[in-house]
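Asker: Protein chains in written order, with our numbering: chain P, 185 to 413; chain C, 185 to 413. C-beta: ideal position from N, C-alpha, C; glycine also.
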DNA sequence: CGATTAATGATAGTAATACTATTATATTTG
DNA sequence: CAAATATAATAGTATTACTATCATTAATCG
């Protein structure tokens, strides 16, 4: 099977890293390094050492380390959308489609051999720990104009439109979906680090519990026959 | 009326800034400056210039700028808890208490003259834009051990216990509350910067809409008679 | 195949950041 | 008034986040 590559917004990079060996090494190793060190401690210098290259070479692919992070997380949401499409395409009932999306969102992330140079487990930990840093910056509006959050927005939009089909009168579809997309990762962070803020445990059961929580929140909220809708 | 001060966890600072003039200037001006510049662009040097003091003097109050942020946001949650207590103390019905808490969470924040050197409007914008950065760091576990997230955890715990009273069988109270506390601010951020991710508008109606959204999510989820509980 | 072009490496340099350290000078307190 | 403490003034350091230049290697193409 040939290695698949996502067509990501080309403002995310200066040179497309998916198409060269060095680029792939940058993606692969930056994921491992950001996962290990955290985004603040991660530097292009450390990455350069790791891949036996130089800072200057990395700067030819990414304008700065923040954009590299935005790239990695855009990749994640593209991957999510791709999986959601695969697993919902054969499903007709929009409620079932919605459940499938939540299941994919909540499930434990495992290595997907479709994408050779991506370690999805590390990437998921990065999303859990660093997602918010992509948009919580004074530069949001510029990044947004360039379409750099397109992946996340697309996932959000598609799930929201499922909700619109299920209950056209529910007035908070977009808010509900963005809340759920973000809380899915946040709750896993809390389970590991701030357990009093979550009802999930830190063990393996947490993915199923997370799914139950998300399903409960979503399906209760959008039920047509509740006095709050 | 005397100026009130909160008793915050004393690991938050090296010297209590509420008790000296310089300390109060640090709090007051750091709020305005972080609000203006964003946390990344904010430095102790710029703050020192602003208050006609020196970096070294500020470092005698706060170990580093991250802890100053944690301090400011801890102050915010203490203030929230204080307001929730004031406005729920006369209310008997736990459902009404819960609604009051959500109302306080969602409402537009205005200057509270009880706290002279705090600009609550600026502080709220800081919470919206920087809250997640307090705990999304490799040092979370250490900060947590020192009790630096006590304010947030306390608000979360108190609201969760209201839910436990309303419906003892609901199994996700802590997750639901932390989700709501965080999304309340996140949705306001989206309304200003990423409107496709929210069902709120960017105008003044957003606080009421936000309240409706939160009330809907919470009360639907915890209803005893739904098949998801 | 040789020549052009493009990608990478090697190296250097810079302004700013996040501190630490030292000493002098105010200011408060007992 | 003396002693202790808080603050200011100043300097210095390692690191970061870049930018710039030029040499070298690899890919491409007539």
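#1: Reducing DSSP to helix, strand and coil, say where residue 312 of chain P ends up.
#2: For chain C, is any of its Cβ atoms less than 7 Å away from the one on residue 318 of chain P?
#3: Residue 314 of chain C touches chain P at which residues, Cβ-Cβ below 9 Å?
#4: Can you tell me whether DSSP reads residue 391 of chain P as helix, strand or coil?
#5: Look at the Cβ atom of residue 242 of chain C, then the Cβ atom of residue 228 of chain C, and state whether they are nearer than 7 Å.
#6: What residues from chain C crowd round residue 381 of chain P, counting only those whose CB sits closer than 7 Å?
#7: What does a CB cutoff of less than 8 Å around residue 199 of chain C pick up in its chain, not counting 5 residues either side in sequence?
#8: Taking buried to mean at least 16 other C-beta atoms within 10 Å of its own C-beta, is residue 389 of chain C buried or exposed?
#9: Is the CB of residue 351 of chain C under 7 Å away from at least one CB in chain P?
#10: Could you check whether residue 196 of chain P and residue 313 of chain C sit closer than 7 Å to each other, using their CB atoms as the reference points?
#11: Under the three-state reduction of DSSP, which class applies to residue 197 of chain P: helix, strand or coil?
#12: Here's a check: name, in chain order, each residue in its chain whose Cβ is nearer than 7 Å to the Cβ of residue 332 of chain P, leaving out the five neighbours to either side.
#13: Given 8 Å as the limit, is there contact between the region 396-408 of chain C and the region 362-371 of chain C, that is, 3 or more CB pairs closer than that?
#14: Under DSSP, the alpha helix (DSSP H) around residue 355 of chain P begins and ends at which residues?
#15: Using a Cβ cut-off of 8 Å, pull out every chain P residue sitting near residue 325 of chain C, in sequence order please.
#16: Kindly list the residues whose CB is nearer than 6 Å to the CB of residue 289 of chain P, restricted to its own chain and excluding five residues on each side of it in sequence; keep chain order.
#17: Any Cβ of chain C within less than 7 Å of the Cβ of residue 227 of chain P?
#18: Show which residues of chain P have a CB atom less than 7 Å away from the CB atom of residue 333 of chain C.
#19: Specify the secondary structure class of residue 367 of chain P as computed by DSSP and reduced to three states.
#20: Please name the residue in C:286, C:335 and C:261 whose C-alpha comes closest to that of residue 304 of chain C.
#21: What does the alpha-carbon distance come out to for the pair residue 374 of chain C and residue 283 of chain C?
#22: Measuring alpha carbon to alpha carbon, tell me which of C:279, C:276 and C:286 ends up nearest residue 268 of chain C.
#23: Do you know whose CA, among C:327, C:291 and C:372, lies nearest residue 247 of chain C's CA?
#24: Is it the case that the Cβ atoms of residue 340 of chain P and residue 384 of chain C are separated by a distance below 7 Å?
#25: Does chain P have any CB closer than 7 Å to the CB of residue 299 of chain C?
#26: In its own chain, which residues sit with a C-beta less than 8 Å from the C-beta of residue 315 of chain C, not counting the 5 before and 5 after it?
#27: Just checking my contact of residue 346 of chain C with residue 215 of chain C at CB under 8 Å: how many whole Å lie between their CB atoms?
#28: For residue 391 of chain C, collect the residues of the same chain with a Cβ closer than 7 Å to its Cβ; drop the 5 residues on either side in sequence, then sort them by chain order.
#29: Exposed or buried, which one is residue 359 of chain C when buried takes at least 16 other CB atoms within 10 Å?
#30: Hey, how far is the Cα of residue 330 of chain C from the Cα of residue 317 of chain C?
#31: I believe residue 350 of chain P touches residue 278 of chain P by the beta-carbon criterion, under 8 Å. Please report the beta-carbon distance rounded to the nearest angstrom.
#32: Starting from residue 207 of chain P and walking both ways along the alpha helix (DSSP H), at which residues does that stretch end?
#33: Is any beta-carbon of chain C found at less than 7 Å from that of residue 222 of chain P?
#34: Short of 8 Å in beta carbon distance, which residues of its chain neighbour residue 213 of chain C, apart from the five on each side in sequence? Order them along the chain.
#35: At the 7 Å Cβ level, is residue 246 of chain P part of the contact set with chain C, yes or no?
Answerer: With the structure as the only source:
#1: On the first chain, residue 312 of chain P is found 128 positions in, with the first residue counted as 1. Of the three classes helix, strand and coil, the one that applies to residue 312 of chain P here is helix, per DSSP.
#2: Taking the first residue of the first chain as position 1, residue 318 of chain P is located at position 134. Not an interface residue.
#3: Position 130 of the second chain, counted from the first residue, corresponds to residue 314 of chain C. Those within 9 Å of residue 314 of chain C in chain P are 320.
#4: Position 207 of the first chain, counted from the start, is the residue given in the question as residue 391 of chain P. In this structure, residue 391 of chain P counts as helix in the three-state DSSP scheme.
#5: On the second chain, residue 242 of chain C is found 58 positions in, with the first residue counted as 1. On the second chain, residue 228 of chain C is found 44 positions in, with the first residue counted as 1. Yes, they are a contact pair.
#6: The sequence position of residue 381 of chain P within the first chain is 197, counting from 1. Going along chain C in sequence order, the residues near residue 381 of chain P (Cβ under 7 Å) are 337, 340, 358 and 362.
#7: On the second chain, position 15 is the one that residue 199 of chain C refers to. Excluding residues within five positions, the ones whose Cβ falls inside 8 Å are 207, 244 and 245.
#8: The residue labelled residue 389 of chain C in the question sits at position 205 within the second chain. Counting Cβ neighbours within 10 Å, residue 389 of chain C comes out exposed, since fewer than 16 surround it.
#9: For the purposes of this step, residue 351 of chain C is taken as the residue at position 167 of the second chain. No, its Cβ sits nowhere closer than 7 Å to a Cβ of chain P.
#10: As a working mapping, residue 313 of chain C is identified with position 129 in the second chain. As a working mapping, residue 196 of chain P is identified with position 12 in the first chain. Not closer than 7 Å, so no.
#11: In the first chain, the residue the question calls residue 197 of chain P occupies position 13. In the structure shown, residue 197 of chain P sits in coil (DSSP, three-state: anything other than H, G, I, E or B).
#12: Position 148 of the first chain, counting from 1, holds the residue named residue 332 of chain P. Once the five neighbours on either side are set aside, the close Cβ partners of residue 332 of chain P are 193, 195, 196, 254 and 258.
#13: yes
#14: Against the first chain, residue 355 of chain P aligns to sequence position 171. Run containing residue 355 of chain P: none; DSSP gives neither H nor E here.
#15: Translated into positions along the second chain, residue 325 of chain C becomes position 141. Within chain P, the residues near residue 325 of chain C are 377.
#16: Within the first chain, numbered from 1, the residue matching residue 289 of chain P stands at position 105. Once the five neighbours on either side are set aside, the close Cβ partners of residue 289 of chain P are 368.
#17: For this step, residue 227 of chain P is matched to residue 43 along the first chain. With 7 Å as the cut-off, residue 227 of chain P does not count as an interface residue toward chain C.
#18: As a first step, residue 333 of chain C is located in the second chain; it is residue number 149 there, counting from the start. Those are 378, listed as they occur along chain P.
#19: Sequence index remark: in the first chain, residue 367 of chain P carries index 183 (1-based). Note: residue 367 of chain P maps to helix in three-state DSSP.
#20: Taking the second chain and counting its residues from 1, the one referred to as residue 304 of chain C is at position 120. Residue 304 of chain C has its Cα closest to that of C:261, out of C:286, C:335 and C:261.
#21: Position 190 of the second chain holds residue 374 of chain C. Position 99 of the second chain holds residue 283 of chain C. Each residue's alpha carbon lies about 23 Å from the other.
#22: The count along the second chain starts at 1 and reaches residue 268 of chain C at position 84. It is C:286 whose Cα lies nearest to the Cα of residue 268 of chain C.
#23: Your numbering for residue 247 of chain C matches position 63 in the second chain. Cα-wise, what sits closest to residue 247 of chain C is C:327.
#24: Here the question's residue 340 of chain P lines up with position 156 in the first chain. Here the question's residue 384 of chain C lines up with position 200 in the second chain. No, the Cβ-Cβ distance between residue 340 of chain P and residue 384 of chain C is not below 7 Å.
#25: Position 115 of the second chain holds residue 299 of chain C. By this cut-off, residue 299 of chain C is not an interface position.
#26: Sequence index remark: in the second chain, residue 315 of chain C carries index 131 (1-based). 257, 366 and 369, listed in sequence order.
#27: Along the second chain, read from residue 1 onward, the residue named residue 346 of chain C stands at position 162. Along the second chain, read from residue 1 onward, the residue named residue 215 of chain C stands at position 31. The Cβ separation is near 30 Å, so there is no contact.
#28: Here residue 391 of chain C refers to the residue found at position 207 when the second chain is read from its first residue. So the qualifying residues of the chain are 290, 291 and 292.
#29: On the second chain, residue 359 of chain C is found 175 positions in, with the first residue counted as 1. Classification of residue 359 of chain C: buried, given that the 10 Å Cβ count is 16 or more.
#30: Along the second chain, one-based indexing puts residue 330 of chain C at 146. Along the second chain, one-based indexing puts residue 317 of chain C at 133. Answer to the nearest angstrom: the Cα atoms are 17 Å apart.
#31: As a first step, residue 350 of chain P is located in the first chain; it is residue number 166 there, counting from the start. As a first step, residue 278 of chain P is located in the first chain; it is residue number 94 there, counting from the start. Residue 350 of chain P to residue 278 of chain P, Cβ: 5 Å. Contact.
#32: Taking the first chain and counting its residues from 1, one reaches residue 207 of chain P at position 23. From DSSP, the alpha helix (DSSP H) with residue 207 of chain P extends over 205-221.
#33: Reading the first chain from its first residue, position 38 is the one you call residue 222 of chain P. Closer than 7 Å to some Cβ of chain C, the Cβ of residue 222 of chain P qualifies, so yes.
#34: Taking the second chain and counting its residues from 1, one reaches residue 213 of chain C at position 29. Contacts found: 231, 234 and 235.
#35: Reading the first chain from its first residue, position 62 is the one you call residue 246 of chain P. With 7 Å as the cut-off, residue 246 of chain P does not count as an interface residue toward chain C.
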